[in-house]
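Reviewing the structure listed below.
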Amino acid sequence: SPSKLFDKPIYKLDVSWPKFPELLTGQTFCVAVDHIHGLVYIGQRGDNNVPKVVVYGEEGSFLQAWNTTIEMPHGMFALNTPNASSIWITDVGTGGCGHTVKQYDPAGNLLQVLGTPGKAGSGTNPLQFDQPAEIFVEETGDIYIVDGDGGMNNRLLKVTQDLKTLWLHGEKGSAITQFRIPHSVTLDSVGRVWVADRVNQRIQVFDKTTGEWLGSWSSCFTEDGPYSVRFTPDGKYIIVAHLNIDKISILAAPPVGLIGDCVVVDTIQLAKEVRPHLVDVNKQTGAIYVAEIGARQVQRYVPLN
1 SPSKLFDKPI YKLDVSWPKF PELLTGQTFC VAVDHIHGLV YIGQRGDNNV PKVVVYGEEG
61 SFLQAWNTTI EMPHGMFALN TPNASSIWIT DVGTGGCGHT VKQYDPAGNL LQVLGTPGKA
121 GSGTNPLQFD QPAEIFVEET GDIYIVDGDG GMNNRLLKVT QDLKTLWLHG EKGSAITQFR
181 IPHSVTLDSV GRVWVADRVN QRIQVFDKTT GEWLGSWSSC FTEDGPYSVR FTPDGKYIIV
241 AHLNIDKISI LAAPPVGLIG DCVVVDTIQL AKEVRPHLVD VNKQTGAIYV AEIGARQVQR
301 YVPLN
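Using full-length UniProt numbering, you'd call the opening residue of the sequence shown number 1 and step up by one each time.
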């Protein structure tokens, strides 16, 4: 495996988090942190008795659960703007609510729906999805969507607040700008879009303004493709989950300019069959939250500095 830069680990497991893990009764697929209000949202799947969203305080106390208009949550994103907070959830269900991205207020009230509920599609006007995997929303209102999680679409879209498509890459394949299950998306502070191109076992990077391809990383993903992409608050590291090998990789983020190739700074080996799916990082504290499908839990790892 690739050599690591540091001998000392960078993160340690916070074994006391959350305080009431038994309230997570389904398969935990995704997590999103609202660092401004100290909230951790968890999306889970299960039968009708399983609330699709469970909300914890950052210190681990249980706050509330919503059983909302979500069939099968896949990805989540917490947006904080100066005047409002909202939580965006992608729904990969195949019933009447699925193939959509939904925006909720912190109390679980539905604010808007992107896509046509219950109908898979590839259109851009109106916008349609097939199992959309994840979303990133800028404070400007611009939205980046990776679609999808195994349906007909393999695309990265940038759309405006009023859902006009600014650019997209939408071909299935393994050449540059093509995808096979684009699974997670995030932005860095210098205007680059990072996509976990899961089945191609690489991360691809694009210019957020033009959509131009800037590079890709693959040498760190020979054992298992990247399931998540998230930056630490200082922009130094990228946090990647590997579901099939129960591992978290911490990669060095490149400065402005050439993307280069990836460097593993540290790894966190999880227990067998934990199956880490998607992660989020608290933008203030740097704590990493890992949604684990196999373990049916979310674990928190805190920086050791």
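We put the CB at the ideal spot given by N, CA and C, even for glycine.
Starting from the Cα of Glu139, find the closest Cα among Leu79, Val195, Leu251 and give me that residue.
Residue numbering aside, residue 139 sits at position 139 when the sequence shown is read from its first letter. The shortest C-alpha separation from Glu139 is found at Leu79.
Any beta strand (DSSP E) of 3 or more consecutive residues that is wholly inside the stretch 29-62
39-45, 53-57
On the CB-based measure, 16 or more other CB atoms within 10 Å of its CB, does Asp105 come out buried or exposed?
Position 105 of the sequence shown, counting from 1, holds the residue named residue 105. Answer is exposed; the Cβ neighbour count stays below 16.
Distance, Cα to Cα, His37 vs Thr81?
Reading the sequence shown from its first residue, position 37 is the one you call residue 37. Reading the sequence shown from its first residue, position 81 is the one you call residue 81. Straight-line Cα distance between these residues: approximately 12 Å.
Specify, as a first and last residue, the run of the beta strand (DSSP E) that Phe221 falls within.
For the purposes of this step, residue 221 is taken as residue 221 along the sequence shown, with counting starting at 1. No beta strand (DSSP E) holds Phe221; DSSP gives it neither H nor E.
With distances taken between CB atoms, is the gap from Thr124 to Thr165 smaller than 8 Å?
Position 124 of the sequence shown, counting from 1, holds the residue named residue 124. Position 165 of the sequence shown, counting from 1, holds the residue named residue 165. Result yes, Cβ atoms of Thr124 and Thr165 sit closer than 8 Å.
Any idea if Ser174 is buried or exposed, counting beta-carbon neighbours within 10 angstroms, 16 or more meaning buried?
In the sequence shown, residue 174 corresponds to position 174, counting from 1. Ser174 should be labelled exposed.
By the 10 Å Cβ neighbour count, where 16 or more other Cβ atoms means buried, how is Gln131 classified, buried or exposed?
Locating residue 131 in the sequence shown gives position 131, where the first residue counts as 1. It counts as buried.
Between the Cα of Glu223 and the Cα atoms of Phe231, Val281, Leu243, Ala107, which residue gives the shortest distance?
Here the question's residue 223 lines up with position 223 in the sequence shown. When each option's Cα is compared against that of Glu223, the closest is Leu243.
With DSSP collapsed to three states, give me the class of Pro21.
Counting from 1 along the sequence shown, the entry for residue 21 is found at position 21. DSSP places Pro21 in helix when its eight states are reduced to three.
Cα-Cα separation, Asn305 to Lys236
For the purposes of this step, residue 305 is taken as residue 305 along the sequence shown, with counting starting at 1. For the purposes of this step, residue 236 is taken as residue 236 along the sequence shown, with counting starting at 1. The alpha-carbon atoms of Asn305 and Lys236 are separated by roughly 14 Å.
So, using beta-carbon positions, are His35 and Lys283 closer together than 8 Å?
Sequence index remark: in the sequence shown, residue 35 carries index 35 (1-based). Sequence index remark: in the sequence shown, residue 283 carries index 283 (1-based). Cβ distance < 8 Å, so His35 and Lys283 count as in contact.
Candidates Gly225, Leu114, Gly60: closest to Ile248 by CA position:
In the sequence shown, residue 248 corresponds to position 248, counting from 1. Here the closest residue by C-alpha is Gly225.
With the cut-off set at 8 Å, would you say Pro117 and Thr100 are in Cβ contact?
Translated into positions along the sequence shown, residue 117 becomes position 117. Translated into positions along the sequence shown, residue 100 becomes position 100. Contact: yes.
Which residues DSSP lists as bridging Thr186, in chain order
Here the question's residue 186 lines up with position 186 in the sequence shown. Trp194, per the DSSP bridge assignment.
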